[in-house]
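Colleague: One structure coming up, written as structure tokens, with questions to follow.
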């Protein structure tokens, strides 16, 4: 099985974050003063929020495409279309019979 580039990128990001966390815990990296840590936290939250919003937009686009994608008619819809054609044929036959008898039918409303 071949691993895609996106999976490798995700693994790399997680590995870098884990390495940073381990080096902070071991004392190799000093996180700095309180103000710097606060700004780093705010920056991290903003980046994560932006990425989450972008991801949510792409998930929404994908789901709406899957829901609204054109597909064939369901069996129920096919049956309704056949019934509509049958009703139109019967209506034409009734009109033909009425015209041969000389009867006048009330005007029919043409719907969608």
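Numbering (the working numbering), first residue to last: 2 to 113. Note that CB positions come from ideal geometry on N, CA and C, so glycine has one too.
Can you check the stretch 72 to 104 for any alpha helix (DSSP H) of at least 4 residues that lies completely inside it and give the ranges in chain order?
Modeller: As far as the stretch 72 to 104 is concerned, its whole alpha helix (DSSP H) runs of at least 4 residues are 76 to 102.
Colleague: Give me, in chain order, the residues of the same chain whose beta-carbon lies closer than 6 Å to that of residue 18; leave out the 5 immediate sequence neighbours on both sides.
Modeller: The residue you call residue 18 lines up with position 17 of the chain shown. Taken in chain order, the list of residues that qualify is empty.
Colleague: State the Cα-Cα distance for the pair residue 77 and residue 14, rounded to the nearest angstrom.
Modeller: Taking the first residue of the chain shown as 1, we reach residue 77 at position 76. Taking the first residue of the chain shown as 1, we reach residue 14 at position 13. Rounded to whole angstroms, residue 77 to residue 14 spans 50 Å at the Cα level.
Colleague: Can you tell me the Cβ-Cβ gap for residue 30 and residue 21, rounded? I've got them flagged as a contact below 8 Å.
Modeller: Residue mapping note: residue 30 aligns to position 29 of the chain shown, counting from 1. Residue mapping note: residue 21 aligns to position 20 of the chain shown, counting from 1. Between residue 21 and residue 30 the Cβ distance is about 7 Å, and since that is below 8 Å, they are a contact.
Colleague: Look at the alpha carbon of residue 80 and the alpha carbon of residue 96, and state the distance between them as a whole number of angstroms.
Modeller: Your numbering for residue 80 matches position 79 in the chain shown. Your numbering for residue 96 matches position 95 in the chain shown. When rounded, the distance between both Cα atoms is 24 Å.
Colleague: Look at residue 25 and residue 32 and say whether their C-beta atoms are less than 8 Å apart.
Modeller: Locating residue 25 in the chain shown gives position 24, where the first residue counts as 1. Locating residue 32 in the chain shown gives position 31, where the first residue counts as 1. For residue 25 and residue 32, yes; Cβs fall inside 8 Å.
Colleague: How many angstroms separate the CA atom of residue 90 from the CA atom of residue 102?
Modeller: Translated into positions along the chain shown, residue 90 becomes position 89. Translated into positions along the chain shown, residue 102 becomes position 101. The straight-line gap from Cα to Cα measures roughly 19 Å.
Colleague: Need the endpoints of the alpha helix (DSSP H) that residue 20 sits in, please.
Modeller: Counting from 1 along the chain shown, the entry for residue 20 is found at position 19. From DSSP, the alpha helix (DSSP H) with residue 20 extends over 6 to 27.
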